[in-house]
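Asks:
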Amino acid sequence: MRTRAAVATAAGKPLEIMDVNLDGPRAGEVLVEIKATGICHTDEFTLSGADPEGLFPAILGHEGAGVVLEVGEGVKSLKPGDHVIPLYTPECRECEYCLSGKTNLCQAIRSTQGQGLMPDGTSRFSTLDGDPILHYMGCSTFSNHTVLPEIALAKVREDAPFDKICYIGCGVTTGIGAVINTAKVEIGARAIVFGLGGIGLNVIQGLRLAGADQIVGVDLNPEKRAMAERFGMTDFVNPAEVEGDLVPYLVDLTGGGGDYTFDATGNVDVMRAALESAHKGWGESVIIGVAPAGAEISTRPFQLVTGRVWRGTAFGGARGRTDVPKIVDWYMQGKIEIDPMITHTMGLEDINKGFDLMHAGESIRSVVVY
Ligand code: NAD
Ligand code: DAO
Ligand code: ZN
Ligand code: ZN
Numbered sequence: 001m002r003t004r005a006a007v008a009t010a011a012g013k014p015l016e017i018m019d020v021n022l023d024g025p026r027a028g029e030v031l032v033e034i035k036a037t038g039i040c041h042t043d044e045f046t047l048s049g050a051d052p053e054g055l056f057p058a059i060l061g062h063e064g065a066g067v068v069l070e071v072g073e074g075v076k077s078l079k080p081g082d083h084v085i086p087l088y089t090p091e092c093r094e095c096e097y098c099l100s101g102k103t104n105l106c107q108a109i110r111s112t113q114g115q116g117l118m119p120d121g122t123s124r125f126s127t128l129d130g131d132p133i134l135h136y137m138g139c140s141t142f143s144n145h146t147v148l149p150e151i152a153l154a155k156v157r158e159d160a161p162f163d164k165i166c167y168i169g170c171g172v173t174t175g176i177g178a179v180i181n182t183a184k185v186e187i188g189a190r191a192i193v194f195g196l197g198g199i200g201l202n203v204i205q206g207l208r209l210a211g212a213d214q215i216v217g218v219d220l221n222p223e224k225r226a227m228a229e230r231f232g233m234t235d236f237v238n239p240a241e242v243e244g245d246l247v248p249y250l251v252d253l254t255g256g257g258g259d260y261t262f263d264a265t266g267n268v269d270v271m272r273a274a275l276e277s278a279h280k281g282w283g284e285s286v287i288i289g290v291a292p293a294g295a296e297i298s299t300r301p302f303q304l305v306t307g308r309v310w311r312g313t314a315f316g317g318a319r320g321r322t323d324v325p326k327i328v329d330w331y332m333q334g335k336i337e338i339d340p341m342i343t344h345t346m347g348l349e350d351i352n353k354g355f356d357l358m359h360a361g362e363s364i365r366s367v368v369v370y
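First residue of the sequence shown? That's 1 in UniProt numbering, and the numbers climb one at a time after it.
Printed below as a string of C-alpha cells:
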C-alpha cells in the first residue's frame, strides 16, 4: 500500500513529508493505522545527528496510538479493529530477559530493531522509487500506517482518545514507571526531581500517585514551575538562584537528602548532583535522562559506600503489553492527567513546527494527529 509519512532523509535536515510504499504484515507482524503520535526528545536526538546509532533514511516516531488494520500469519493476540500503542521496548514473554522477572528489556528483536529492520532483517518501507527506508525504534509512528511485530503492541481499551494516550507510548510511562516500577517509592517519601520537562512532570505525577510527602523540583527554567506545581511539586529550586552549592542546599531542604532522586535532564553533572543529594544510608537515585554520545558519569565511590544507590531505567521499567493498558485505564479513571501536558496539536504536514517548538522550549508535548 501507499501511505503518507514524514521521512528523516539525513541528519540535521527537516523531515520531508511524502508518500511511501508500505508492504503488508508478514508472519508475526501487524499493520497499524497510526491515529496520533507525540514528538519526543529522542526523535530530536536522532534527527539532529547526535545519536551515534541514528540511521538514515528512516521514519522516526515512537510515541503513537492507532488501530490494527491487518494481522500476519500466526498472530493470535490481536485482530483488526483493536486499539493499540506501539512499544519500542517489546514484551515477548518468552526470552531469558522477560522470563527473569527482573527487567523489562526484552531482547527478542533487539538486534534487528537496532538496525532499523523488522525481525526477518528487512524493511517494510520504501520510497516510491523502491529504495528502502528504515524503521525507527521498531515503531515509525511518523507514518500514517506502519508495521510492527505483534510483541511490540499493547492492546488498549477502545474508548481512550488517541491524541492523548499516544503520550503513554513513551513520556507518561517512562516518568510514572520510574517512580513505581524502578524506584518503588513508598508513601511518605521525600523526593527530588531534576528537570521538569515532559518526563520530569510525569515523574512528579508518579510521586503524587505513590503518596510522596515532599516533591522537590529542580529546573533552570522558572517557567516550568507552574505546571510542575499543578502536577504535585511541593518545592521549586532554581539552581541559578541558590547561593553556594546546590547539593547541600537540597540535602538541607529535604531534611538529610531525598529518599529518591531522579535525573530527567540527560546532563551528567546533574546526574552527579542527583546521586549526591540522595539521603546518606538509603537514598536511591534513578537516571532517566539520555546523555550525549560519549558522556560519562562520575562521583566519589564513598557516596556509594555510605549507602546511596545509583540505578537507571528504560521506559520506566514497564513491561509494555502488561503495564501500558493499565496506565491507559489510570488515565481514563482520572488517576493520572495527560491533557495539560499536550500543549500543541498539529497535522503531519506541520510536524517540523513541533520540532521548532521543542527547540524553543515552548512545548511540553506536541502531538501530530493524522
Ligand atoms: P525536556 O527538554 O522537556 O526537559 C528537560 C528539562 O531539564 C527542561 O525543563 C530543562 O530546563 C531542564 N534542565 C536542563 N538542564 C538542566 C540543569 N542543568 N539543571 C536543571 N534543569 C535542567 O526533556 P524531556 O522530554 O523531559 O526528556 C528528559 C530526558 O529523558 C531526555 O534526556 C530524554 O532523552 C530522556 N528520556 C529517557 C527515556 C528512558 O526510557 N530512559 C525515555 C524518554 C526520554
Ligand atoms: O535492550 O539493549 C537494549 C536497549 C533498550 C532500549 C531502551 C531505550 C531506552 C531509552 C531511550 C529513550 C527512549 C525514548
Ligand atoms: Zn522477551
Ligand atoms: Zn520518547
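Glycine residues also receive a C-beta, built at the ideal position from the N, C-alpha and C atoms.
Using the three-state DSSP reduction, which class does Gly217 fall into: helix, strand or coil?
Replies: On the sequence shown, residue 217 is found 217 positions in, with the first residue counted as 1. Here Gly217 sits in strand by DSSP.
Asks: For the alpha helix (DSSP H) holding Ser111, just list the boundary residues, first then last.
Replies: If you number the sequence shown from 1, residue 111 lands on position 111. Arg110 to Gly114 is the span of the alpha helix (DSSP H), which, as asked, contains Ser111.
Asks: Out of curiosity, what's the CA-to-CA distance linking Val179 and Glu158?
Replies: Locating residue 179 in the sequence shown gives position 179, where the first residue counts as 1. Locating residue 158 in the sequence shown gives position 158, where the first residue counts as 1. So the alpha carbons of these two residues sit roughly 27 Å apart.
Asks: Grab the span of the alpha helix (DSSP H) containing Met271 for me, first residue to last.
Replies: Within the sequence shown, numbered from 1, the residue matching residue 271 stands at position 271. Unbroken alpha helix (DSSP H) run through Met271: Val268 to Glu276.
Asks: Would you kindly report the start and end of the unbroken beta strand (DSSP E) that includes Ser285?
Replies: Position 285 of the sequence shown, counted from the start, is the residue given in the question as residue 285. Where Ser285 is concerned, the enclosing beta strand (DSSP E) stretches over Glu284 to Ile287.
Asks: Straight-line CA distance for Ile124 to Asn21?
Replies: What you label residue 124 is simply residue 124 of the sequence shown in a count that begins at 1. What you label residue 21 is simply residue 21 of the sequence shown in a count that begins at 1. The amino acid at residue 124 is misidentified as Ile; the sequence shows Arg. Distance between the alpha carbons of Arg124 and Asn21: 8 Å.
Asks: Can we count Tyr97 as close to ligand 3, meaning its CB is less than 8 Å from some heavy atom?
Replies: Translated into the one-based positions of the sequence shown, residue 97 becomes position 97. It does: the Cβ of Tyr97 is within 8 Å (strictly closer) of some heavy atom of ligand 3.
Asks: Going by C-alpha distance, which of Thr103, Ser143 and Pro119 is nearest Arg311?
Replies: For the purposes of this step, residue 311 is taken as the residue at position 311 of the sequence shown. Nearest C-alpha to Arg311: Thr103.
Asks: Ligand 1 and Pro239: does the residue's C-beta get closer than 8 Å to at least one heavy atom of that ligand?
Replies: The residue labelled residue 239 in the question sits at position 239 within the sequence shown. Yes; taking the cut-off as 8 Å, the Cβ of Pro239 has a heavy atom of ligand 1 nearer than that.
Asks: Quick check on Arg208: does DSSP put it in helix, strand or coil?
Replies: Along the sequence shown, read from residue 1 onward, the residue named residue 208 stands at position 208. Three-state result, Arg208: helix.
Asks: Identify the continuous beta strand (DSSP E) that holds Lys30 and give its terminal residues.
Replies: For the purposes of this step, residue 30 is taken as the residue at position 30 of the sequence shown. For the sequence presented, residue 30 should be read as Val rather than Lys. Looking at the DSSP string, the run of the beta strand (DSSP E) that includes Val30 is Glu29 to Ile39.
Asks: From Thr254 to Val237, what does the alpha carbon distance come to, in whole angstroms?
Replies: Taking the sequence shown and counting its residues from 1, the one referred to as residue 254 is at position 254. Taking the sequence shown and counting its residues from 1, the one referred to as residue 237 is at position 237. The straight-line gap from Cα to Cα measures roughly 12 Å.
Asks: Taking the runs of the beta strand (DSSP E) that are 3 residues or longer, which of them lie wholly in the region 58–132?
Replies: List check, beta strand (DSSP E) in window: 63–71 and 83–86.
Asks: Does ligand 2 have a heavy atom nearer than 8 Å to the CB of Arg225?
Replies: Counted from its first residue, the sequence shown places residue 225 at position 225. No; taking the cut-off as 8 Å, the Cβ of Arg225 has no heavy atom of ligand 2 nearer than that.
Asks: Per the DSSP calculation, Glu16 is bridged to which residue(s)?
Replies: For the purposes of this step, residue 16 is taken as the residue at position 16 of the sequence shown. Looking at the DSSP assignment, Glu16 forms a beta bridge with Val7.
Asks: If we count Cβ pairs, one from each stretch, closer than 8 Å, do we get three or more for the region 340–347 versus the region 312–329?
Replies: No, the region 340–347 is not in contact with the region 312–329.
Asks: Could you give the distance in angstroms between the alpha-carbon of Gly244 and the alpha-carbon of Phe194?
Replies: By 1-based counting over the sequence shown, the position of residue 244 is 244. By 1-based counting over the sequence shown, the position of residue 194 is 194. Going from the Cα of Gly244 to the Cα of Phe194 covers about 18 Å.
Asks: Could you compute how far the alpha carbon of Phe277 sits from the alpha carbon of Phe231?
Replies: Within the sequence shown, residue 277 is the residue found at index 277, counting from 1. Within the sequence shown, residue 231 is the residue found at index 231, counting from 1. One detail in the question is off: residue 277 reads as Ser in this sequence, not Phe. C-alpha separation (whole angstroms): 22 Å.
Asks: Can you tell me whether Lys35 is buried or exposed? The criterion is at least 16 other CB atoms within 10 Å of its CB, across all chains shown.
Replies: Indexing the sequence shown from 1 puts residue 35 at position 35. Its Cβ being crowded by 16 or more others within 10 Å, Lys35 is buried.
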